[in-house]
Amino acid sequence: MERRRFVAGTVGALSGIALGTGAAGAAVPAARAHDPRVGEKQPRAQDRPGAEDLPRAQDWRAVPAPGSTPAAQLRHIAAAGPRLAWAVGEEARYGSRDGRALAMLWDGQAWARTDLAHLRHSRLLGVAGTCATAAWSVGMAVGTASPLLRWDGATWRESAFPGSGEQGVRLTAVAVGADRRVWAGGSRGGSTALLHGDGKTWRWLDPLPATGVTVHRVVPHPSGDVWVGGDQSIGGGWAGFVARWNGAWTVLPTVKGTRMAVSDLHPAAADDIWVVGSDLGVGGPPGRPGAAVLSHWDGKAWTRAQFGFTIGALTGIAADDQGRAAWITGWNHQDRSRGTYLRRDGSAWTVVRGPAGPAPAPYLNDVTRVPGTATYWSVGMTHDNPTPPTEAYTERLDA
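Numbered by mature numbering (1 follows the signal peptide of the UniProt record, and there is no 0), the letters in the sequence shown go through residues -26 to -1, 1 to 373 in order.
Rendered as structure tokens:
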């Protein structure tokens, strides 16, 4: 599935953006094996169509992240409060060479690297947590290592579950509900399903009634429903996939596209769902930029929304304190000198540029709100080329 991601995670990607080739990530479309942008000349700001007209988010600022071994990125972030957040990804990866897992911890003052020398993981794909004792991550495990990790207050430790260590068992996305119960999307025995548990007891739920599905995001809803987003192989391509679990599966019509993947979703209600992703389409050189996708489900059909640019990707969605979709992270192929966001302004989405800072061409993989505040975090990488000297990168919006 890694072929499905355009740049790095989510992906990011599907769980963040993937660097090079390998197995699928969570929560963001899979990266292609070759990136034609490597060595590509960056357009000057004055050459980017309409760049000078876009709003700038003066309150978004770059926040220093600890040094990482290029090529590196943060794919996913979760915040439990102003003084506790986790970000995960990968480092030391280039081309087809596997890297190693990367994790960072926010303590209210600064980001610090988490020592993962004891783990056998080439990358971490997703992270979720509500407090210091209820935080989980999933990753690409090597050998018989468990792809499910639990935060012990200082680092990430492997956690056993039914099927852990079995060949072909993968977990690609994870979420923690308000009740602290864990939901992980993955596959076992050739079927895609949710793994559900309380940290001690785990069980696989009924498989999805669909084949060829990779889950990139899992989103528990306050109603008790659990939503998943990803992609489904159809013929020679794939389409965006969304489904709901409430004791049984309900699969929505696919989000149409030739090579379309849902990297994140925000289900405000069963008839009010936003999804983001990218559609690589057909033709052109391998790995060419795709079309950024923002679609809305009204209970009857998907409708594509317009938002100011077309070529690029949208990667993550965060809600405000009222549960309304508020901010989206992405990448704009025609304006790469700053991060790209979409901000919800009433019924419309407005393109907002991130800060000018140490990242020459940032690619943002994910965004989240800090609970109980109007603060948002985004994570990604310093360049949109998945090669050295790309490093992990974070931005923050304080109300």
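No residue lacks a Cβ here, since even glycine has one placed at the ideal position from N, Cα and C. In this text the structure is predicted, and so the values were computed from the model without any measurement.
Below 8 angstroms on the Cβ atoms is my guess for residue i versus residue j; work out the distance and round it to an integer in Å.
i    : j    : result
R233 : G251 : Not a contact, Cβ separation roughly 10 angstroms.
V37  : R370 : 5 angstroms
Y337 : W305 : 5 angstroms
H92  : A147 : That pair is no contact at about 23 angstroms.
V193 : P241 : 6 angstroms
S111 : E365 : About 20 angstroms; that fails the 8 angstroms criterion.
A152 : G127 : Between G127 and A152 the Cβ distance is about 21 angstroms, and since that is not below 8 angstroms, they are no contact.
D358 : A330 : Incorrect: roughly 16 angstroms between the Cβ atoms, too far for contact.
V325 : T342 : That pair is no contact at about 20 angstroms.
A61  : T368 : 7 angstroms
W34  : G328 : 5 angstroms
I291 : L239 : 7 angstroms
D89  : R57  : Contact doesn't hold; Cβ gap of about 20 angstroms is too wide.
P136 : R94  : Incorrect: roughly 20 angstroms between the Cβ atoms, too far for contact.
A96  : G69  : For the sequence presented, residue 96 should be read as Ser rather than Ala. The pair is not a contact, with the Cβ atoms about 13 angstroms apart (cut-off 8 angstroms).
Based on the DSSP secondary-structure assignment, which residues constitute the bridge partners of residue i?
i    : result
L122 : V112
V325 : L316
D340 : V353
A84  : A84 pairs with nothing; no bridge assigned.
L98  : G113
D246 : A243
A292 : W301
R74  : E65
With DSSP run on the structure shown, which of helix, strand or coil describes residue i?
i           : result
residue 374 : Lying before the first or after the last residue shown, residue 374 is absent from the chain, which here runs from -26 to 373.
N359        : coil
G251        : strand
E369        : strand
G354        : strand
Q308        : coil
D238        : strand
A(-1)       : Low per-residue confidence applies at A(-1): pLDDT is 34, beneath 50, and the placement is therefore not dependable enough to give any value.
G286        : strand
T107        : coil
L179        : coil
G127        : coil
T185        : coil
residue 384 : What the structure shows of the chain is the stretch from -26 to 373, and residue 384 is not part of that stretch, so it cannot be assessed.
G159        : strand
R18         : Bear in mind that a pLDDT of 37 at R18, under 50, signals an unreliable position, so the model cannot answer this.
A348        : coil
A335        : coil
T232        : coil
R191        : strand
V148        : strand
S133        : coil
T364        : coil
H8          : Annotation note: pLDDT 28 at H8 (below 50); position unreliable, coordinate value reported separately. Residue state, collapsed to three classes: coil.
Can you give me the start and stop residues for the beta strand (DSSP E) that residue i sits inside?
i           : result
L226        : L226 -> no beta strand (DSSP E), and no H or E assigned at all.
Y315        : T314 to D319
D205        : V200 to I208
V143        : Element bounds for V143: n/a, residue is neither H nor E.
S269        : A265 to W271
A52         : Q47 to G55
H170        : S165 to G171
G63         : L58 to E65
R278        : W276 to R278
residue 405 : No information on residue 405 is available, as it lies outside the stretch -26 to 373 that the chain covers here.
R35         : W34 to V37
Please report whether the beta-carbon of residue i lies at a distance below 7 angstroms from any beta-carbon of chain B.
i   : result
G82 : Absent here is chain B; the protein component of the structure consists of one chain.
Cβ of residue i within 6 angstroms of any heavy atom in the ligand ADP?
i    : result
A366 : Looking for the ligand ADP in the displayed structure turns up nothing, as the structure carries no ligands at all.
| said: Would you call the segment 45 to 53 in contact with the segment 350 to 357, where contact means no fewer than 3 C-beta pairs closer than 8 angstroms? | reply: yes
| query | Counting Cβ pairs closer than 8 angstroms, one from the segment 154 to 166 and one from the segment 222 to 231, do we hit at least three? | reply | no
| request: Flag this pair as touching only if the segment 292 to 311 and the segment 203 to 223 have three or more C-beta atom pairs under 8 angstroms; answer yes or no. | output: no
| message | Check whether the segment 137 to 153 and the segment 93 to 109 are in contact - that is, three or more C-beta pairs closer than 8 angstroms. | response | yes
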